[in-house]
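Residue numbers (my numbering): 27 to 439.
Don't be surprised by glycine CBs; every beta carbon is placed ideally from N, CA and C.
In this text, all values refer to a predicted model and were calculated from it rather than measured experimentally.
This is how it looks when you write it as structure tokens:
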């Protein structure tokens with residue numbers, strides 16, 4: 027194993043203190059998007075575990091993998107999800123309610139294929155995306171979304187301000203938890219916006235991870251599992267103040283936190299949510315240790331269901347080859363012996379194999395042509411979208427295993 031690919035931290039990434047408590051060890055796993063074209067290609071298995079900082083209360087990954095190894099050739103494309111497409115319209119309208127009614131300059135960090143920026147562009151606003159994945163940014167550029175192929179930090183922010191001026195709004199959706207250089211990213215976001223501008227950070231909310239046992243959201247790309255309190259601690263270090271939030275349907279429960287340089291009054295909704303977090307014990311390491319125990323219980327329950335179907339000769343496929351499905355499959359030991367293939371709507375993944383579990387990823391058409399008896403819904407966080415597809419398009423009548431949220435369950439279609 028080449029140790030230059032990853033290192034283990036001994037100090038909190040946010041406050042730099044060394045008061046860290048081990049929470050959950052998911053074993054050695056390959057980076058979730060290490061999808062191979064053939065099984066002869068080398069694969070790196072890297073420890074995967076989370077820790078809790080007793081000082082600033084941030085739950086984070088113990089391991090840091092070199093971001094160039096993780097993100098240079100990304101395979102998540104926002105536009106392939108109808109949920110994301112629909113949410114992008116709502117998100118745009120919601121953001122504009124917080125901004126003056128004039129031509130605006132909107133910047134997105136980790137803009138992917140430009141799906142979200144396109145909504146602002148269609149309304150006549152100037153847009154700019156920043157994303158390091160060359161293969162995905164090409165899609166955005168071809169759609170007419172100006173995009174810098176870069177890892178965003180304060181140096182890139184300085185360059186943007188020099189070339190384009192300061193932005194009315196900068197947003198980063200489900201990327202801040204991916205940033206090892208998180209202080210550089212937050213500092214850059216603050217630097218990019220006008221004094222009256224806003225910054226929006228959408229992140230997979232730690233409260234959902236804990237309450238719904240979403241351990242599948244823990245993977246090497248995803249370094250942080252923020253509560254509102256722990257994220258606010260970080261933002262204040264860079265002169266940003268949270269004033270409102272919205273709930274997002276993405277990733278099984280995300281929060282879009284609205285921040286400003288000028289200290290806007292906190293909404294009642296935000297104050298109430300902070301109280302709920304505190305009462306639930308979301309920032310306490312003891313609650314996270316309880317979460318860890320429940321994850322192992324959940325693993326045993328899911329394995330029992332899968333083995334019961336396998337031993338009966340059930341023909342089973344997976345649906346959804348997302349990063350989070352990789353964690354679930356590897357942690358639970360579900361592999362090509364149990365699933366004949368995994369369906370996914372993203373053509374960039376077709377013909378590849380899941381990381382570490384060697385399940386062939388195919389188009390949904392190909393997967394359902396095999397006449398499966400049972401579907402393991404790995405993309406459970408897009409449950410309604412996927413169930414509609416397999417009912418209406420493939421007329422599937424059989425069992426569907428929902429591994430999460432909370433305890434696994436089986437439904438009959």
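Residue from the options whose Cα sits closest to the Cα of residue i
i: residue 194; options: 267, 386, 125, 426; result: 125
i: residue 166; options: 343, 178, 145; result: 145
i: residue 271; options: 254, 357, 259, 66; result: 254
i: residue 234; options: 31, 71, 309, 65; result: 309
i: residue 404; options: 32, 346, 122, 222; result: 346
Length of the line joining the Cα atoms of residue i and residue j
i: residue 288; j: residue 171; result: 29 Å
i: residue 185; j: residue 153; result: 15 Å
i: residue 159; j: residue 338; result: 43 Å
i: residue 227; j: residue 334; result: 42 Å
i: residue 48; j: residue 173; result: 39 Å
i: residue 192; j: residue 130; result: 10 Å
i: residue 378; j: residue 386; result: 6 Å
i: residue 328; j: residue 365; result: 14 Å
i: residue 392; j: residue 79; result: 46 Å
i: residue 41; j: residue 81; result: 8 Å
i: residue 168; j: residue 162; result: 10 Å
Residue i and residue j closer than 8 Å at C-beta
i: residue 61; j: residue 247; result: no
i: residue 360; j: residue 383; result: yes
i: residue 415; j: residue 390; result: yes
i: residue 264; j: residue 205; result: no
i: residue 112; j: residue 89; result: no
i: residue 213; j: residue 411; result: no
i: residue 353; j: residue 369; result: no
i: residue 306; j: residue 83; result: no
i: residue 437; j: residue 400; result: no
i: residue 343; j: residue 358; result: no
Buried versus exposed, by CB contacts within 10 Å (16 or more), residue i
i: residue 351; result: buried
i: residue 302; result: exposed
i: residue 188; result: exposed
i: residue 243; result: buried
i: residue 39; result: buried
i: residue 27; result: Summary for residue 27: the model assigns pLDDT 45, below 50, so the residue's position carries little reliability, and this model does not support an answer.
i: residue 423; result: exposed
i: residue 273; result: exposed
i: residue 407; result: buried
Residue i: CB within 7 Å of a non-hydrogen atom of the ligand FAD
i: residue 42; result: For the structure depicted, the ligand FAD is absent and the ligand set is empty, with no information on it obtainable.
At least 3 beta-carbon pairs within less than 8 Å: the segment 421 to 435 vs the segment 237 to 254 = yes
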